[in-house]
Amino acid sequence: MSRVMCRPTQPLKNVPSSPSGQREMVRPKGKVVLVMGATGSGKTRLSVDLATSFPSEIINSDKIQVYEGLDVVTNKATKEEQRGVPHHLLGTQNPNTEFTASDFCEMASDAIECIRQREKIPIIVGGSNSYIEALVERFGGRYEWCCLWVDVSMPVLHSYVSQRVDEMLGGGMVGELRPFFKPNGDYSRGIRKAIGVPEFDAYFRREALVNNETRMRLLNDAVRDVKRNTCLLACKQLGRIHKLRSVKGWNIHRVSATCVFQKHGQEANAAWNTLVAHPCASIVSHFLSSSSNASSSRRLPSTNQP
153 MSRVMCRPTQ
163 PLKNVPSSPS
173 GQREMVRPKG
183 KVVLVMGATG
193 SGKTRLSVDL
203 ATSFPSEIIN
213 SDKIQVYEGL
223 DVVTNKATKE
233 EQRGVPHHLL
243 GTQNPNTEFT
253 ASDFCEMASD
263 AIECIRQREK
273 IPIIVGGSNS
283 YIEALVERFG
293 GRYEWCCLWV
303 DVSMPVLHSY
313 VSQRVDEMLG
323 GGMVGELRPF
333 FKPNGDYSRG
343 IRKAIGVPEF
353 DAYFRREALV
363 NNETRMRLLN
373 DAVRDVKRNT
383 CLLACKQLGR
393 IHKLRSVKGW
403 NIHRVSATCV
413 FQKHGQEANA
423 AWNTLVAHPC
433 ASIVSHFLSS
443 SSNASSSRRL
453 PSTNQP
């Protein structure tokens with residue numbers, strides 16, 4: 153597994169430390185922004201908005217989007233959606249291998265240091281909260297982090313997820329999935345863990361053996377299962393965020409995007425800027441301008457944090 157190695161170039165700061173008058177060299181903490189939320193909540197959009205407002209690069213922390221392939225099924229950000237912002241660990245790994253949390257921590261840590269060497273801010277975004285949690289635990293005292301949570305009420309999000317799956321179906325989801333079907337495929341490893349691959353197993357096994365009516369029923373069943381399992385994933389992701397906040401004591405800045413998803417067109421874009429993008433930019437601006445010696449767990453201003 154190839155990896156870019158970068159030497160940290162963060163300048164050192166002299167501080168008095170010993171009775172003898174000697175001065176120790178200590179490295180100021182680097183700053184990292186984390187963007188969390190359930191699938192479909194707008195995490196990617198927010199991360200790109202922030203990266204175009206501050207000198208930043210994005211590190212993907214979605215355990216399925218890290219693999220090559222299934223761009224439609226895994227809803228990877230397109231080049232247009234990336235808006236020229238460098239993205240790391242997005243579609244870079246062999247889809248047939250297992251990319252673990254340990255692998256992520258190692259490669260994300262390298263990416264963070266490379267981004268900091270370029271004097272930019274690392275923005276880590278993705279729905280795999282277990283990866284983010286493992287990375288933050290690995291941070292130790294080296295980094296100061298600001299965590300943003302884009303929240304959408306579950307009924308509204310479930311409706312949106314259902315609509316998005318229908319759009320994926322029209323965008324070539326079945327054709328994209330077909331090469332990943334293997335009669336003896338292992339759905340517990342690599343990209344085949346992605347929602348969509350196991351759900352379409354029965355359809356691909358039988359599509360050439362049944363009539364049109366049965367084929368359509370199998371297709372509808374597969375799409376129904378994709379929608380259901382995506383909603384279950386969203387609930388699981390939300391539960392993990394609540395655990396990080398209430399049990400682990402993370403200072404997570406919640407911003408509600410529910411109203412955005414209840415609007416359309418320009419009204420939705422205006423609501424996104426007012427309710428999500430601008431408040432989050434304000435939080436990040438305060439975080440970046442504050443002393444690097446302060447605790448990463450302190451409260452920052454947020455217009456709609458409960």
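Residues in the sequence shown are numbered consecutively from 153, following the working numbering. C-beta: ideal position from N, C-alpha, C; glycine also.
- C-alpha distance - ASN166 paired with GLU271, whole-angstrom precision: On the sequence shown, residue 166 is found 14 positions in, with the first residue counted as 1. On the sequence shown, residue 271 is found 119 positions in, with the first residue counted as 1. Confidence at ASN166 is low in this model, with a pLDDT of 33, below 50, so its placement is unreliable and the value that follows should be read with caution. In a straight line, the C-alpha of ASN166 is about 20 Å away from that of GLU271.
- Task: Could you check the C-alpha separation between VAL375 and SER437 for me, to the nearest Å?
- Result: Taking the sequence shown and counting its residues from 1, the one referred to as residue 375 is at position 223. Taking the sequence shown and counting its residues from 1, the one referred to as residue 437 is at position 285. The alpha-carbon atoms of VAL375 and SER437 are separated by roughly 42 Å.
- Measure the Cβ-Cβ separation of LEU198 and VAL308 and say whether it is below 9 Å. The residue labelled residue 198 in the question sits at position 46 within the sequence shown. The residue labelled residue 308 in the question sits at position 156 within the sequence shown. Their beta carbons are not under 9 Å apart, which means LEU198 does not touch VAL308 by this criterion.
- Item | 6 Å Cβ shell around ALA423 - same chain, five flanking residues per side excluded | The sequence position of residue 423 within the sequence shown is 271, counting from 1. Same-chain partners within the cutoff: CYS411, VAL412 and LYS415.
- When you compare each of THR244, LYS181 and CYS387 to VAL313 by their alpha carbons, which one comes out closest? Position 161 of the sequence shown holds residue 313. Looking at the Cα atoms, CYS387 is the closest of the given residues.
- Item | ASN140, DSSP secondary structure in three states | The requested residue 140 does not occur in the structure, where the chain is confined to residues 153 to 458.
- Query: Around the Cβ of PHE439, are there at least 16 other Cβ atoms within 10 angstroms (buried) or fewer (exposed)?
  - Reply: Position 287 of the sequence shown, counting from 1, holds the residue named residue 439. With 16 or more Cβ atoms within 10 Å of its Cβ, PHE439 is classed as buried.
- Between which two residues does the alpha helix (DSSP H) containing TRP301 stretch? As a first step, residue 301 is located in the sequence shown; it is residue number 149 there, counting from the start. Premise fails: TRP301 lies in the beta strand (DSSP E), 295–303, not in any alpha helix (DSSP H).
- Quick one: grab the DSSP three-state call for GLN414. As a working mapping, residue 414 is identified with position 262 in the sequence shown. Looking at GLN414 - three-state DSSP - the assignment turns out to be coil, as it is neither helix nor strand.
- For the candidate residues GLU285, ALA360, VAL326 and ASN336, whose alpha-carbon lies nearest to that of GLY348? To locate residue 348, count along the sequence shown from 1; it is residue 196. It is VAL326.
- Mapping DSSP to helix, strand and coil, what is LYS183? Taking the sequence shown and counting its residues from 1, one reaches residue 183 at position 31. Strand.
- Endpoints, alpha helix (DSSP H) assigned at SER434: Counted from its first residue, the sequence shown places residue 434 at position 282. Per DSSP, SER434 belongs to the alpha helix (DSSP H) from 430–441.
- the segment 333–342 in contact with the segment 224–240 per 3-pair CB rule at 8 Å: no
- For GLN245, does the three-state DSSP call read helix, strand or coil? The sequence position of residue 245 within the sequence shown is 93, counting from 1. If DSSP states are grouped into helix, strand and coil, GLN245 belongs with the strands.
- Would you be able to state if there are at least three C-beta pairs under 8 Å between the segment 211–219 and the segment 237–245? yes
- Query: Looking only at its own chain, which residues have a Cβ that is under 6 Å from the Cβ of LYS195, when we skip the five neighbours before and after it?
  - Reply: What you label residue 195 is simply residue 43 of the sequence shown in a count that begins at 1. Excluding residues within five positions, the ones whose Cβ falls inside 6 Å are VAL187, GLY189, VAL277 and VAL302.
- Query: Can you tell me the Cα-Cα spacing of TRP402 and ARG330, whole angstroms?
  - Reply: Mapped onto the sequence shown, residue 402 falls at position 250. Mapped onto the sequence shown, residue 330 falls at position 178. Using only the alpha carbons, I get a separation of about 41 Å.
- Query: Relative to the alpha-carbon of ARG152, which residue among MET259, VAL428 and ILE264 has its alpha-carbon at the smallest distance?
  - Reply: Limits of the chain in this structure are 153 at one end and 458 at the other, which puts residue 152 out of reach.
- Query: To the nearest angstrom, how far is it from the Cα of SER441 to the Cα of VAL200?
  - Reply: As a first step, residue 441 is located in the sequence shown; it is residue number 289 there, counting from the start. As a first step, residue 200 is located in the sequence shown; it is residue number 48 there, counting from the start. Cα-Cα distance, rounded: 20 Å.
- Item | Where SER208 falls: helix, strand or coil (DSSP) | By 1-based counting over the sequence shown, the position of residue 208 is 56. Strand at SER208.
- Message: Quick check: the Cα distance between TYR249 and CYS257, rounded to an integer number of angstroms?
- Response: Position 97 of the sequence shown holds residue 249. Position 105 of the sequence shown holds residue 257. Note on identity: in this sequence residue 249 is Thr, with Tyr being the wrong assignment. Roughly 16 Å separates the two Cα atoms.
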